[in-house]
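Taking it in order: structure first as structure tokens, then the write-up.
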């Protein structure tokens, strides 16, 4: 796949600002090793195989796909939690793959992450105040202890908790409250960009809506940019401005929210959308459902040609041999990127 | 069609250090033969415990079935002895669990796990059981079933494992399948496959199913009837069409309003239910939903509402008429 133009350079989306994150031809292969004393590389898992996209300041880019498609790896590569195999990641004019040490740490202050599991992502032995205060301490964002304490209390209020919660421990909180603590921790360093990795997936329906509303309010208040990784398409549509659909390490479709839901082009996107249940039997009975056959293939041995051809209802011979080009089919200045021979 | 299962005033409590957790606190319902019931609620509302109680799969202690009757084919399972229950588990009533990873035995082949139940309950010899097992695997759509019967669970993907679980649950032609979050751990595209398969097979066999889920969308397409649970009790029950089109409990209404829907215009803000689910150790007096309820009136703090008739075979446990906001006339659940 060759990319002469990344989706950025085509046009700007009016109300959103300039590009803040630019990912180009990113590849992340994990080695599979064998042997006890001497580890030999026997294979590679192609978690991400050549993807390009950009994120604009103040927008939310949704990243959807099934487990193992590489969406979490993408988020982690951007934050430099993994060292990518190839490709470039540009954050606000700075090439992240080339910097390290103190330079990288200073950039990391501007990029944060909110994790999926609010039970596993907070240290049970630290009080909430310490958890939220630690990044402030590490990055030297408060002059002294009392200023730090004030800042923590202010953050707790911002995410809808009480300042006195600072002295409590994570186990005293419910899942939704813990997720609020995780959000406060991410906000503590005043970041520009937050990767929300399945940030609401573990929460109950009634609490999920509370946290989604909070994330949207914070985005407006602090002009945050989100990469919102999730598998729930109805949630992603609600929160995102643009959406990228991933399958087996590739982005198969990328366009703005409404265009994706009104006019999906890739057969995988269509199947994903039709699989989302709608809480209304009257609508459900009339809906046509595309049920994909089989399972997602192993990223150890991805299929030749288009990676989706093994499950694609409209695959032809060309799909089995030729990798489809990721091209822009949008009209009237809109962008609509898709990788499929059949559209 | 006759009544297959009748549950009356079932209460299952857990005696913990923090106090008594009233996980299931007085639920009653009936299930017709071949009916698909959706049991919907958020984590900790008692939906799984209520299903486990039917098969007496509650660890005792700390759990205890405090009161109630579960009448299955004319016999009360709560009073029945362990031998009798064992003859029913996996035979006339079987389960499909949430985690296909942990609910199959990792050190036994798929074939062994399937034939074990068949030999025991259907009194078949080994060869007959193997033949039946292969048939079952073909029925649930496992390719090359005859060869894969010798494979171990780890050699199957999540979706395939859930297919094996369904084969296992259907192996002895059960009258009732309890499916506890059967698709929650699976990917969206696989979820659709599995639910389609489970409901198609059970409809063909005339097997009743209770689908336990937190996702209102999942049951909309498949359930005949839906019961919504909150804080250990059923707070609304009715036909699926009624519940979704005309919800009468503020909690059901709140749940339906709080999820973004793909088929509707996108709203700029979601409408969450404020507050948190109650602590089951210290339930407030009156209606357990009152602290979160936008419709609450004085009476709600004093009296816990029973299920009141609110429509055609449609009951809701609420003192207030959701449409008008006025107190409801009392018509007790029979």
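Chains as they are written, first to last, in my numbering: chain Y, 35 to 377; chain Z, 1073 to 1406. Every residue, glycine too, gets a C-beta built ideally from N, C-alpha and C. None of these values were measured; they are calculated from a predicted model.
{"Item": "Does any residue of chain Y have a CB that is nearer than 8 Å to the CB of residue 1289/Z?", "Value": "yes"}
{"Item": "Three or more C-beta pairs closer than 8 Å, one from the segment 1294-1313 of chain Z and one from the segment 237-245 of chain Y: is that the case here?", "Value": "no"}
{"Item": "So what does DSSP say about residue 56/Y, is it helix, strand or coil?", "Value": "strand"}
{"Item": "From the DSSP output, in three-state form, read off residue 357/Y for me.", "Value": "coil"}
{"Item": "Does residue 43/Y have its Cβ less than 8 Å from a Cβ in chain Z?", "Value": "Residue placement at residue 43/Y cannot be trusted, given a pLDDT of 41 that sits under 50; what the coordinates show is reported in the next sentence. Residue 43/Y does not count as touching chain Z."}
{"Item": "At a Cβ cut of 8 Å, what residues of the segment 1240-1264 of chain Z count as close to chain Y, listed as they run along the chain?", "Value": "1259, 1260, 1261, 1262, 1263 and 1264"}
{"Item": "Consult DSSP for residue 1132/Z and reduce its assignment to one of helix, strand or coil.", "Value": "coil"}
{"Item": "Between 72/Y, 146/Y, 229/Y and 111/Y, which lies nearest to residue 64/Y when the distance is taken from Cα to Cα?", "Value": "111/Y"}
{"Item": "Let me check understanding here. Comparing Cα to Cα, which of 1342/Z, 1333/Z and 1275/Z lies closest to residue 317/Y?", "Value": "1333/Z"}
{"Item": "Less than 8 Å between the C-beta atoms of residue 1149/Z and residue 1182/Z, yes or no?", "Value": "no"}
{"Item": "Output, in chain order, the set of chain Z residues within a Cβ distance shorter than 7 Å of residue 238/Y.", "Value": "1114, 1115 and 1286"}
{"Item": "Would you say residue 1176/Z faces chain Y, with C-beta separation under 8 Å as the test?", "Value": "no"}
{"Item": "Smallest Cα separation from residue 362/Y: which of 281/Y, 324/Y and 374/Y?", "Value": "374/Y"}
{"Item": "Could you work out which residues of chain Z lie near residue 101/Y, taking near to mean beta carbons separated by less than 7 Å?", "Value": "1259"}
{"Item": "Residues in the segment 266-283 of chain Y with C-beta within 7 Å of chain Z's C-beta atoms, listed in sequence order?", "Value": "267, 268, 269, 271 and 272"}
{"Item": "Per DSSP, what kind of secondary structure is residue 137/Y in: helix, strand or coil?", "Value": "helix"}
{"Item": "Listed in chain order, which residues of the segment 1338-1363 of chain Z have Cβ atoms closer than 9 Å to some Cβ of chain Y?", "Value": "1338, 1339, 1340, 1341, 1342, 1343, 1344, 1345, 1346, 1347, 1348 and 1349"}
{"Item": "Can you give the Cα-Cα distance for residue 59/Y and residue 1271/Z, rounded to whole angstroms?", "Value": "44 Å"}
{"Item": "List in chain order: all unbroken beta strand (DSSP E) runs of 3+ residues lying wholly within the segment 281-305 of chain Y.", "Value": "284-290"}
{"Item": "Are the segment 1308-1321 of chain Z and the segment 1381-1394 of chain Z touching by the rule of at least three beta carbon pairs closer than 8 Å?", "Value": "yes"}
{"Item": "State buried or exposed for residue 80/Y, treating a residue as buried only when at least 16 other CB atoms are found within 10 Å of its CB.", "Value": "buried"}
{"Item": "Got a sec? Which residues, its chain only, sit under 6 Å from residue 130/Y by beta carbon, not counting five neighbours each side?", "Value": "114 and 123"}
{"Item": "Thinking residue 1213/Z and residue 1262/Z are a contact (beta carbons under 8 Å), I'd like their distance in whole angstroms, please.", "Value": "In fact, because the Cβ distance is near 12 Å, the residues do not count as touching under 8 Å."}
{"Item": "Residue 323/Y: buried (16+ other C-beta within 10 angstroms of its C-beta) or exposed?", "Value": "exposed"}
{"Item": "Along the chain, where does the beta strand (DSSP E) containing residue 1323/Z start, and where does it finish?", "Value": "Careful: residue 1323/Z lies outside any beta strand (DSSP E), inside the alpha helix (DSSP H) at 1322-1330."}
{"Item": "Beta carbons nearer than 7 Å to chain Z: which residues of the segment 323-336 of chain Y have them?", "Value": "323, 325, 326 and 329"}
{"Item": "I'd like the span of the alpha helix (DSSP H) that includes residue 1252/Z, first residue to last.", "Value": "Per DSSP, residue 1252/Z belongs to no alpha helix (DSSP H); it is in the beta strand (DSSP E), 1248-1252."}
{"Item": "Which chain Z residues sit within Cβ distance under 8 Å of residue 210/Y?", "Value": "1348"}
{"Item": "In chain order, what are the residue ranges of uninterrupted beta strand (DSSP E) at least 3 long that sit wholly in the segment 1153-1214 of chain Z?", "Value": "1165-1168"}
{"Item": "Does any CB atom of chain A fall closer than 8 Å to the CB of residue 175/Y?", "Value": "Of the chains in the structure shown, none is chain A; the protein chains are Y and Z."}
{"Item": "Is the separation between the beta-carbon of residue 1188/Z and that of residue 1198/Z shorter than 8 Å?", "Value": "no"}
{"Item": "Which class does residue 1284/Z belong to by DSSP, given the choice of helix, strand or coil?", "Value": "strand"}
{"Item": "Measure the beta-carbon distance from residue 109/Y to residue 229/Y and round it to whole angstroms, keeping in mind my assumption that it falls under 8 Å.", "Value": "4 Å"}
{"Item": "Just to confirm the assignment: which complete beta strand (DSSP E) runs, minimum length 3, are found wholly within the segment 1362-1399 of chain Z?", "Value": "1380-1383 and 1386-1388"}
{"Item": "Under 7 Å: does the beta carbon of residue 1100/Z sit that close to some heavy atom of the ligand FAD?", "Value": "The model on display carries no ligand, and the ligand FAD is accordingly not part of it."}
{"Item": "Check whether the segment 1208-1227 of chain Z and the segment 1169-1180 of chain Z are in contact - that is, three or more C-beta pairs closer than 8 Å.", "Value": "yes"}
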